[in-house]
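Q: Sending over a structure as structure tokens; questions will come in a sec.
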Amino acid sequence: MNISRIYHQRQRRLTAGWLLTLLVLGLITILALTSGAMELDWRTLWSGDSQNLNASQRVLFHIRLPRACSAILGGAALATAGLILQVLLNNPLASPSTLGISQGASFGAACGIWLLSSGVTPATHPLAVTGLAFAGAMATTLLILALSLWRDCGRETIILAGVALSALFVAATTLLQYLADDTQLAAIVHWSFGDVGRADWRDLRVLGTVTAVGFGALWTQRRRFNALMCGHDTATSLGLHVTRMRLVGVTLVAVMTAITVTMLGVISFIGLVAPHLVRLLVGDDVTARLPLCALSGAILLLLADMLGRTLFAPLTFPAGVVTAFLGAPLFLALLFTRRNPWT
Amino acid sequence: MDLSLKQLSFAYHAKKPVLQQVDTTLSSGRLTALLGINGSGKSTLIKLMAGILKPDQGQIVLGAPANCPLSSLGPRQIAHHCAYVAQNTQPPALTVFDYVLLGRLPHQSGWTSKPMPADLKLVEESLAQMELTPLAFRPMGELSGGQVQMAVIARALAQQAPILLLDEPTNNLDPSHQLRLMKKLHAISRQRHTTVIYSMHDVNLALHWADQVVLLHEGRVLRHIATEKLTAADLSTLFGLSYRMHTAQNMTKNTAVNSAAEVQRWFWPDVC
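Line by line, the protein sequences give chains U and L.
In this text, residue positions in the first sequence follow numbering that gives the first Met the number 0: the first is 0, and each later residue adds one.
In this text, residue positions in the second sequence follow numbering that gives the first Met the number 0: the first is 0, and each later residue adds one.
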């Protein structure tokens, strides 16, 4: 039995799997770009100049393409964040939404809208709203991290702390909605919908940079993440600075999540479902899971957005609503059809 | 590589010291058994030697060629010197090969820690040593408890450290695998000149292979002696039971390197 040969064969098969998933993502992207209320005229798409865009060009470059890019980048960022949180906190239930990070951002944004906008022109300080949403996500993450490090509390405790923080932020946001006037209320509710159609090209540049840098940094640590899954003692004996790695990793993931939630709103379940779907295919190996997870997160959010736009056309639903509706039953199915429980 | 423990004290909670003034030297290329009742500090002492815990007082000094206190080294440098097998391991759902490959992590440099052909070869050797070659690409979750334990030890062997620290290494192993594992550890200590330190509750299995024995009682070293000098009285004091020693002429260690002890000794407690 030539073990090295089998190892290399397996690595090649894995690369082929990544490329195949990338191809699937490409095909779904094309499908997403071509589907919608307006039929694109492909003959006129490449004609004319950049100053005077025709209707098809405007729909493609200003609506559908940024929307698809948002879904791809946001889905990839949330799925990657979910996977790495699960590894770092050694908890299969960790994700930006179960730990209350998304709800923290939502509360931050609600504070921004309520405190800084006048009743007539909601969100007159969009940067402040974005900044407060980011601060809300980061503060929640750091609180979760501090709790996980404080007296080394168990992994169930972390999730329960996340549930408690989520409930707290939801209650606080509801209070702000109660206190807000009609215009502010509409702005707060609209912000809380996870919608990939919200980001423009400027937002996408930020989201793209953060996702790419974050993913690249996490990719360099993929083998160390495998060691981290062996538990604190074994990981330390394998030469890892466990606490430092957790701190840096969670901060990186928090930035990725915070930027995504700030740009797109609350999109639940992608960060929880995508890592588990991929886990069914390739097991716990982070090296295999990381690219597959990012790609499947992108595919899931792109599909959710497409479904929201086309299923009840001309009525459209934000992607966040679709992911919540489809993600919950999908996750339950994953939970209860598994042979071994995730404990 | 020798390992000197100098006035070592440790407590998880301020008022409950687990180890107190532990002072001894564990010799290079020898097997040392740590014996003691539950809660006597065996696992804590092993974790201190592996650099997982930091002592409250005293220090651990690595012998030649390192000649430095363990506290002066970072986790990766410690991992070059000490490999550790935890008492109860729940490994992730990697394949056996990927899991054993983690043992090469401290030796892999660069941003991506990409394994080199030499790393793959060492993993292959460690798998063969632990008789895991046919299971190399099976997921860890599909292995029996004993096979998982063998994979955990294979990972520690792949680390190629001069000091091997094993906390109850025969957990989950059947008697046949227990003997085969101990025989392998014995051979490794002789061939690679590895310092092997293990804790174990099976007194006779532990003593059969050990060159020296450290008796830990309430966090202190009761005795540190050569195995053949251990008496039933020592064990009676350690475990609070009345031990008797039995001997047999026809049992010898099944290895040419250590054939000195031709008379096999057994210790049995009197059943109340």
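Even glycine gets a Cβ: it sits at the ideal position worked out from N, Cα and C.
Since the structure is predicted, the reported quantities are computational estimates derived from the model, not experimental observations.
1) Secondary structure at residue 233 of chain L, three-state DSSP: helix, strand or coil?
2) Could you tell me the distance, in whole angstroms, from the CA atom of residue 207 of chain L to the CA atom of residue 44 of chain L?
3) Does DSSP put residue 220 of chain L in a helix, a strand or coil?
4) 9 Å is my cut-off, CB to CB: does residue 27 of chain U come that close to chain L?
5) How big is the Cα-Cα spacing for residue 6 of chain U and residue 113 of chain L?
6) Report the rounded CA-to-CA distance for residue 147 of chain U versus residue 35 of chain L, giving the unit in angstroms.
7) Note down, in chain order, each residue of its chain lying with its Cβ closer than 7 Å to the Cβ of residue 270 of chain U, except the 5 sequence neighbours on either side.
8) Select from L/50, L/28, L/151 the residue whose C-alpha is nearest the C-alpha of residue 74 of chain L.
9) Using the rule of at least 16 other Cβ atoms within 10 Å of the residue's Cβ for burial, across every protein chain shown, is residue 67 of chain L buried or exposed?
10) Give me, in chain order, the residues of the same chain whose beta-carbon lies closer than 6 Å to that of residue 144 of chain L; leave out the 5 immediate sequence neighbours on both sides.
11) When burial is assigned at 16 or more other CB atoms within 10 Å of the CB, is residue 245 of chain L buried or exposed?
12) Does the beta carbon of residue 190 of chain L sit closer than 9 Å to a beta carbon anywhere in chain U?
13) Is residue 29 of chain U buried or exposed, if buried means 16 or more other CB atoms sit within 10 Å of its CB?
14) Identify which residue in U/233, U/51, U/243 has its Cα closest to the Cα of residue 85 of chain L.
15) Do residue 150 of chain L and residue 119 of chain L have their beta-carbon atoms positioned less than 9 Å apart in this structure?
16) Going straight from the alpha carbon of residue 11 of chain L to that of residue 309 of chain U, what length do you get?
17) Using only the alpha-carbon positions, how far apart do residue 40 of chain L and residue 103 of chain L sit?
18) Could you compute how far the alpha carbon of residue 100 of chain U sits from the alpha carbon of residue 165 of chain L?
19) Who are residue 266 of chain L's beta bridge partners in DSSP?
20) Leaving out five residues before and five after residue 23 of chain U in sequence, what residues of the same chain have Cβ atoms less than 7 Å from its Cβ?
21) Are the C-beta atoms of residue 238 of chain U and some chain L residue less than 9 Å apart?
22) For residue 112 of chain U and chain L, any beta-carbon pair shorter than 9 Å?
23) Measuring only from the beta carbon, is residue 10 of chain U closer than 8 Å to any heavy atom that is part of the ligand ATP?
24) Would a C-beta distance cut-off of 9 Å place residue 7 of chain L and residue 21 of chain L closer than the cut-off?
25) How far does the alpha helix (DSSP H) with residue 194 of chain L in it extend, from its first residue to its last?
A: According to the structure data:
1) The answer is helix: DSSP assigns residue 233 of chain L an H, G or I state.
2) Their Cα atoms are separated by approximately 22 Å.
3) Three-state DSSP puts residue 220 of chain L in a strand.
4) False, the Cβ-Cβ gap to chain L never drops below 9 Å.
5) Straight-line Cα distance between these residues: approximately 13 Å.
6) C-alpha separation (whole angstroms): 33 Å.
7) In the same chain as residue 270 of chain U, and ignoring 5 residues on each side of it, the C-beta atoms closer than 7 Å to its own belong to 77, 78, 80, 81, 94, 95, 96, in chain order.
8) Put simply, of L/50, L/28, L/151 the residue whose alpha carbon is nearest the alpha carbon of residue 74 of chain L is L/50.
9) Result: exposed.
10) Cβ neighbours of residue 144 of chain L beyond the five flanking positions: 171.
11) A residue is called buried once 16 or more other Cβ atoms fall within 10 Å of its Cβ, and residue 245 of chain L, having fewer, is exposed.
12) Residue contact with chain U for residue 190 of chain L: absent (no Cβ-Cβ distance below 9 Å to any residue of chain U).
13) Using a 10 angstroms sphere on the CB of residue 29 of chain U, the tally of other CB atoms stays under 16, which defines it as exposed.
14) A check of alpha carbon separations from residue 85 of chain L across U/233, U/51, U/243 identifies U/233 as the nearest.
15) Not in contact: residue 119 of chain L and residue 150 of chain L (Cβ atoms no closer than 9 Å).
16) Those two C-alpha atoms are separated by around 60 Å.
17) Residue 40 of chain L and residue 103 of chain L: Cα-Cα distance of roughly 29 Å.
18) Rounded to whole angstroms, the gap between the alpha carbons of residue 100 of chain U and residue 165 of chain L is 40 Å.
19) DSSP, once it has assigned bridges, lists L/244 as partnering residue 266 of chain L.
20) Excluding residues within five positions, the ones whose Cβ falls inside 7 Å are 298.
21) Residue 238 of chain U counts as touching chain L.
22) No, residue 112 of chain U lies away from the interface with chain L (no Cβ there is under 9 Å from its Cβ).
23) For the structure depicted, the ligand ATP is absent and the ligand set is empty, with no information on it obtainable.
24) In this structure, the beta-carbon distance from residue 7 of chain L to residue 21 of chain L falls below 9 Å.
25) Per DSSP, residue 194 of chain L belongs to no alpha helix (DSSP H); it is in the beta strand (DSSP E), 194 to 198.
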